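Each number in the working numbering corresponds to the 1-based position in the sequence shown with 13 added.
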Amino acid sequence: MADEQTETVEQNVTAQRIARFEQRRRDDAGLSDEALKDRFWELCDQLVEPIVELARTHTSPSIERSVLLR
């Protein structure tokens, strides 16, 4: 029974992901190449911002030197 529930939940999550993708696809369909490029870089910035912030707050000069000297 738990396996059936897990499978149902996974199917539901998959269906939701597909629906969100299709919605984003429709939203972006009318964008020009330049606007699409800008949207791409905007999403890239959103993606890497937490990584950059983590690197900014969890490093030290000695770690930076160590990385640069490799």
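All residues carry an ideal CB built from backbone N, CA and C; glycine is no exception. Since the model is a prediction, treat every value here as computed from it, not as a measurement.
Simplified DSSP state of residue i, which is helix, strand or coil
i   : result
T72 : coil
S45 : coil
R30 : helix
L82 : coil
8 Å Cβ cutoff met for residue i and residue j
i   : j   : result
L49 : D58 : no
R52 : L44 : yes
Distance, residue j Cα to residue i Cα
i   : j   : result
H71 : P63 : 12 Å
R38 : E66 : 29 Å
T21 : R30 : 14 Å
Q18 : N25 : 10 Å
CB contact check: residue i to chain B, cutoff 8 Å
i   : result
I76 : The structure shown contains no chain B, having only a single protein chain.
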